[in-house]
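The sequence shown maps to residues 279 to 590 in my numbering.
The C-beta atom is built at its ideal place from N, Cα and C for all residues, glycine as well.
Taking it in order: structure first as structure tokens, then the write-up.
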Amino acid sequence: MNKEIILANPRGFCAGVDRAIEIVEKSLEKFNEPVFVRHHVVHNKNVVEQLESKGVTFVKEVHEIPDNSIAIFSAHGVSSEVEDSAKLRKFKYFDATCPLVTKVHLEVQKHAKKGRDIILIGHKGHPEVIGTLGRHPKDSLTNIFLVETINDIEQLEVNRDNLAYVTQTTLSVDETKEIIAKLKSVYPNIIGPSADDICYATQNRQDAVKQLALESDFVIVIGSKSSSNSNRLKELAENCGTRSCLIDNPEDLDIKLLDNVKRIGITAGASAPEYIVQDLINFLKNLNFTSLRHIAGSKEDITFKLPRELID
Ligand code: SF4
């Protein structure tokens, strides 16, 4: 009997990832100087390896970037300190920070200016969180606190009367709702964005994977282990009661997991290229998954402008 592949929609690249990769590729095309990117431009092994093969060097910190080169900041954003250190150097730099992350940076600065303490909901150590914490002005009399779980809320010593929250853009929508509800019950005057800062791409891919999980016996998420939004997709499928795995490439798939699976769902994190999804479909054809069905989902037509200097 033919087995079925079901594809989630939307899946894969978001507008912020498209823009970040284009900034790197246009820089390679346009300039003779070597191109260095601080941090992996997006959290995907295949994307990083492809760009490396075209001549890009990835580094951890700005001081590793030589003068007279092109420097690029990753889509996750950087602290003010990192940006200031780049301004002092003799290289041209482009900021590939996703505009939706920049929006959160601006919220932090606005709240600090208004004298509010700020709670950032996010994952400790994630580069976006490090960048957003680092946008809190050093000379501010207010404080910024990181909250990862509901339990962290009890420990906080904040200015209850002048308090705001912001969130990382790639969190679990459901878990974040719970944390925000708790914050609002403990601090009734807390101010936040109208919904939260979770981006449209994260929201849409999470909605799509829930639907996918309901219709599948097993869900494969294409994405790297370092990708926050890809990890959330795997967790969500599992929370819906469907087994799931997160892989970079078809050859990483443990096919023993597919014993007795008749309907296999596929989705991809916001930093995972579509060609890997197509490679996986071809790989699964050899395992008799020959029928293909798409689930309809939210249409996405968001695009972000490139820096002016990189526009042809
Ligand atoms: S996942 Fe969201 S915040 Fe991150 S790059 Fe994509 S659109 Fe921007």
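By Cβ distance, which residues of its chain are closer than 8 angstroms to R510, with the 5 residues on each side in sequence left out? Your numbering for residue 510 matches position 232 in the sequence shown. Sequence-distant Cβ neighbours of R510 in its own chain, meaning closer than 8 angstroms and more than five residues away, are T448, L449, S450, T480, Q484.
Is Y443 buried or exposed, if buried means 16 or more other CB atoms sit within 10 Å of its CB? As a working note, residue 443 is residue 165 in the sequence shown. So Y443 ends up on the buried side.
Check: G294 C-beta below 7 angstroms from any heavy atom of ligand 1: The residue you call residue 294 lines up with position 16 of the sequence shown. With a cutoff of 7 angstroms, G294 counts as near ligand 1, since its C-beta is closer than that to a heavy atom of the ligand.
I589 classed as buried or exposed, judged by whether at least 16 other C-beta atoms fall within 10 angstroms: Here residue 589 refers to the residue found at position 311 of the sequence shown. By the Cβ neighbour-count rule, I589 is exposed, with fewer than 16 other Cβ atoms within 10 Å of its own.
Please classify A491: does DSSP put it in a helix, a strand, or coil? Residue numbering aside, residue 491 sits at position 213 when the sequence shown is read from its first letter. Helix.
If I measure Cβ to Cβ from S494 and keep anything under 7 angstroms in the same chain, skipping five residues before and after, which residues do I get? The residue given as residue 494 occupies position 216 in the sequence shown. Excluding positions up to five away in sequence, the list reads I284, T520, R541, I542, G543.
Write down every uninterrupted run of the alpha helix (DSSP H) in the region 323 to 388 whose length is 4 residues or greater and which is fully enclosed by it, in chain order. The DSSP assignment places 323 to 331, 358 to 365 as complete runs of the alpha helix (DSSP H) inside the region 323 to 388, in order along the chain (cut-off: 4 residues).
Tell me which residue opens and which closes the beta strand (DSSP E) that K281 is part of. Within the sequence shown, residue 281 is the residue found at index 3, counting from 1. First-last of the beta strand (DSSP E) with K281: 281 to 285.
If you drop the 5 nearest sequence neighbours on each side, which residues of the same chain put their C-beta closer than 7 angstroms to that of F561? Numbered from 1 along the sequence shown, position 283 holds the residue referred to as residue 561. Excluding positions up to five away in sequence, the list reads P528.
If you draw a straight line from the alpha carbon of F423 to that of K281, how long is it in whole angstroms? Numbered from 1 along the sequence shown, position 145 holds the residue referred to as residue 423. Numbered from 1 along the sequence shown, position 3 holds the residue referred to as residue 281. When rounded, the distance between both Cα atoms is 49 angstroms.
Compare the C-alpha of N421 against each of Q387, F314, R586 and name the closest. The residue you call residue 421 lines up with position 143 of the sequence shown. For the options Q387, F314, R586, the alpha carbon positioned closest to that of N421 is the one of Q387.
Residue burial classification, H341 (beta-carbon count within 10 angstroms, cutoff 16): The residue you call residue 341 lines up with position 63 of the sequence shown. Counting Cβ neighbours within 10 Å, H341 comes out exposed, since fewer than 16 surround it.
Does at least one heavy atom of ligand 1 sit under 7 angstroms from the Cβ of L588? Reading the sequence shown from its first residue, position 310 is the one you call residue 588. In this structure, L588 has its CB at a distance of at least 7 angstroms from all heavy atoms of ligand 1.
How big is the Cα-Cα spacing for A410 and L565? Taking the first residue of the sequence shown as 1, we reach residue 410 at position 132. Taking the first residue of the sequence shown as 1, we reach residue 565 at position 287. In the sequence under discussion, the amino acid at residue 410 is Thr, which differs from the Ala named in the question. Approximately 45 angstroms between the Cα atoms of the pair.
Mind checking whether the beta-carbon of L378 lies closer than 7 angstroms to any heavy atom of ligand 1? Within the sequence shown, residue 378 is the residue found at index 100, counting from 1. At least one heavy atom of ligand 1 is nearer than 7 angstroms to the Cβ of L378, so yes.
Of the choices L490, I525, K512, whose alpha-carbon is the least far from that of R571? Along the sequence shown, one-based indexing puts residue 571 at 293. The shortest Cα separation from R571 among L490, I525, K512 belongs to L490.
C-alpha distance - S418 paired with I525, whole-angstrom precision: Within the sequence shown, the letter at position 140 stands for residue 418. Within the sequence shown, the letter at position 247 stands for residue 525. Distance between the alpha carbons of S418 and I525 is about 43 angstroms.
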